[in-house]
Amino acid sequence: MNIPFNKPHMTGKELWYIAQAHANGHLAGDGLFTGKCSRWLEARTGASKALLTHSCTAALEMAAILADLKAGDEVIMPSYTFVSTANAFVLRGAVPVFVDVRPDTLNLDERLIEAAITERTRAIVPVHYAGVGCEMDAIMDIARRHDLLVIEDAAQAVMASYKGRPLGAIGHMGALSFHETKNIISGEGGALLVSAPGGAERAEIIREKGTNRSQFFRGQVDKYTWVDIGSSYLPGELIAAFLWAQMEEADSITRRRLGIWNTYHQWFAEAERQGRLRRPVIPAHCTHNAHMYYLLLPGLEERTAFIERLRAHGIHSVFHYIPLHAAPAGRRFGRAHEALTVTEDIADRLVRLPLWLGMEDSQTEIIQQVLAAL
368 MNIPFNKPHM TGKELWYIAQ AHANGHLAGD GLFTGKCSRW LEARTGASKA
418 LLTHSCTAAL EMAAILADLK AGDEVIMPSY TFVSTANAFV LRGAVPVFVD
468 VRPDTLNLDE RLIEAAITER TRAIVPVHYA GVGCEMDAIM DIARRHDLLV
518 IEDAAQAVMA SYKGRPLGAI GHMGALSFHE TKNIISGEGG ALLVSAPGGA
568 ERAEIIREKG TNRSQFFRGQ VDKYTWVDIG SSYLPGELIA AFLWAQMEEA
618 DSITRRRLGI WNTYHQWFAE AERQGRLRRP VIPAHCTHNA HMYYLLLPGL
668 EERTAFIERL RAHGIHSVFH YIPLHAAPAG RRFGRAHEAL TVTEDIADRL
718 VRLPLWLGME DSQTEIIQQV LAAL
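Numbered per the numbering used here, the sequence shown spans residues 368 to 741.
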């Protein structure tokens with residue numbers, strides 16, 4: 368067997384739409400396909416404005432600029448996340464304050480947030496791990512009472528929801544990813560969702576290098592000029608054309624991924640009852656998107672041996688996230704609020720299994736090898 372951890376999925380229309388973009392003679396950002404993707408996101412999420420970016424990292428950086436962070440301001444977030452979650456705010460001079468995650472969903476533990484708030488706190492950044500929603504009602508309530516922004520890192524959460532509300536559009540801003548490891552892909556790519564009143568106009572300016580270029584092309588100003596800080600956060604039109612082919616099939620992609628996820632989940636139920644592993648936990652009020660399937664093994668030694676046994680059979684499983692508070696830059700730029708015992712525990716025990724469209728015919732054999740490797 369040779370089962371990679373991930374294999375990018377093609378719907379069949381990507382190259383056709385890329386050819387159309389070329390025929391249209393518009394390869395830079397904000398062309399026909401960029402508009403289609405942005406409108407799709409606004410319709411599916413309810414965000415007042417969706418702006419495509421060249422990565423989720425770029426969307427988070429835009430959100431940090433929109434938040435008007437200053438040196439020394441604090442931003443509460445989990446440590447068990449990708450480095451971009453913290454980097455976007457560190458670039459503005461802010462200090463990430465790392466809070467532990469819940470032992471069930473592995474999401475930011477909303478019960479610990481309030482104790483981490485200081486007079487310098489400006490924002491909360493919930494990360495929807497594995498496309499499973501954080502407890503957003505509680506988080507939004509805390510933010511209202513303390514006058515804080517909520518910036519959702521929804522990189523893994525396209526097509527997922529919390530109590531029927533799409534993730535990424537519940538807080539004031541949200542960042543999405545279309546990286547090739549995600550469910551809906553464009554190779555590299557992302558989007559910023561803006562739900563806060565009055566934020567959309569400035570977001571456009573920041574995305575266009577700090578200029579009011581978008582207003583100029585809409586005929587709202589007779590010339591465009593530099594009006595704010597910003598950078599070049601637009602993706603090219605070829606990226607948007609590829610993404611549009613994926614968005615057209617987003618529902619079917621999600622259904623197929625859920626089928627693979629559910630098959631894993633059913634097969635590993637007995638092993639969980641025997642205490643050999645722990646399966647993912649999905650709260651009843653969350654609709655996930657089958658972004659990943661992970662197992663929690665008894666410890667680091669068992670996980671290392673498990674990964675090696677699968678690799679010997681041509682199956683590539685991975686762990687991820689060295690907790691940010693334990694990383695050299697995390698110690699330099701951020702701080703942990705109290706002990707992060709759950710974070711440190713799961714970082715040693717979590718392993719992700721292959722999950723990609725097209726692996727269905729091999730899944731039974733993969734599962735058998737997984738059970739044998741435990």
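C-beta: ideal position from N, C-alpha, C; glycine also.
| the segment 541–559 in contact with the segment 412–423 per 3-pair CB rule at 8 Å | Yes: the two stretches touch, three or more of their Cβ pairs being nearer than 8 Å.
| said: With a threshold of 6 Å on Cβ separation, who are the neighbours of T472 within its own chain once the five nearest residues in sequence on each side are excluded? | reply: V499 and V648
| said: Measuring straight from C-alpha to C-alpha, what distance separates L560 and V594? | reply: 22 Å
| task | Select from E668, E711 and C653 the residue whose C-alpha is nearest the C-alpha of A740. | result | E668
| said: If you measure between the beta carbons of T621 and N550, is that distance less than 8 Å? | reply: Taking 8 Å as the Cβ cut-off, T621 and N550 qualify as a contacting pair.
| field | Cα-Cα separation between A438 and T485, rounded to whole angstroms | value | Distance from the CA of A438 to the CA of T485, rounded to the nearest whole angstrom, comes to 15 Å.
| field | I370 in three-state terms, based on DSSP | value | Strand at I370.
| query | So G538 and I518 are in contact, right, with Cβ under 8 Å, and what is the actual spacing, rounded? | reply | 6 Å
| said: When you compare the CB positions of H376 and L724, do they come within less than 8 Å of one another, or not? | reply: yes
| request: Hey, could you find the ends of the alpha helix (DSSP H) F465 is sitting in? | output: No alpha helix (DSSP H) holds F465; the beta strand (DSSP E) holding it covers V462 to V466.
| request: Out of E502, P463 and R645, point me to the one whose CA is closest to A696's CA. | output: P463
| Just reading off the alpha helix (DSSP H) that R585 is part of, what are its end residues? | It is not in any alpha helix (DSSP H) - R585 carries neither H nor E in the DSSP assignment.
| Which residues share a DSSP beta bridge with K416? | V561
| said: Can you find the residues in the same chain that come closer than 7 Å, C-beta to C-beta, to A395, ignoring five residues on each side of it along the sequence? | reply: Counting only residues of its own chain and dropping the five nearest sequence neighbours on each side, A395 has a CB closer than 7 Å to the CB of G603 and E604.
| query | Would Q633 be called buried (16 or more neighbouring beta carbons within 10 Å of its own) or exposed? | reply | exposed
| request: Run the CB neighbour count on P493, radius 10 Å, all protein chains shown included, and call it buried at 16 or more, exposed below. | output: Under this definition P493 is a buried residue.
| C501 versus Y660: straight-line alpha-carbon distance, rounded | 17 Å
| request: Quickly, what does DSSP pair W593 with across the bridge? List them, please. | output: W593 is bridged by DSSP to T578.
| task | Could you tell me which residues DSSP puts in a beta bridge with C423? | result | C423 pairs with nothing; no bridge assigned.
| request: Whole angstroms is fine: what's the gap from H481's alpha carbon to I509's? | output: Residue identity differs from the one stated: residue 481 is Glu in this sequence, not His. Computed Cα separation, rounded: 7 Å.
| message | Following a CB-centred definition, is G398 positioned closer than 7 Å to any heavy atom of the ligand COA? | response | Absence of the ligand COA is noted for the structure shown, with no ligands found whatsoever.
| field | 8 Å Cβ shell around L601 - same chain, five flanking residues per side excluded | value | Closer than 8 Å at the Cβ level, and outside the excluded window around L601, lie A395, G396, D397, T401, L419, T420, H421, R574 and E575.
| said: Mapping the DSSP letters down to three states, classify S544 as helix, strand or coil. | reply: strand
| task | Report the rounded CA-to-CA distance for R699 versus A706, giving the unit in angstroms. | result | 17 Å
| message | Let's test the definition: count the other Cβ atoms within 10 Å of the Cβ of I689 and tell me whether it reaches 16, buried, or not, exposed. | response | exposed
| request: Specify, as a first and last residue, the run of the beta strand (DSSP E) that M614 falls within. | output: Segment E604 to E615 is the alpha helix (DSSP H) holding M614; no beta strand (DSSP E) there.
| request: May I ask which residues mark the beginning and end of the alpha helix (DSSP H) holding P695? | output: P695 to F700
| query | Can you give, in chain order, each stretch of the beta strand (DSSP E) that sits fully within the segment 432–478 and has at least 3 residues? | reply | Correct list: 441–445 and 462–466.
| task | Return yes when the Cβ of D467 is within less than 8 Å of the Cβ of V709, no when it is not. | result | yes
| field | Residue range of the alpha helix (DSSP H) that includes R710 | value | Here the sequence assigns Thr to residue 710, which means Arg is not the residue at that position. Where T710 is concerned, the enclosing alpha helix (DSSP H) stretches over T708 to R716.
| When you compare each of T654, S598 and A636 to I432 by their alpha carbons, which one comes out closest? | S598
| field | Assigned secondary structure, D520 (DSSP; H/G/I helix, E/B strand, else coil) | value | strand
| So which of E727, L722, M726 and A693 has the shortest CA-CA distance to F449? | Answer by Cα proximity: A693.
| task | Starting from P533, follow its DSSP beta bridges and name the residues at the other end. | result | S528
| said: I'd like to check one pair, T378 with A612: are the Cβ atoms closer than 8 Å? | reply: yes
| Contacting residues, own chain, Cβ-Cβ under 8 Å from I674 (five flanking each side not counted) | S684, V685, F686 and V718
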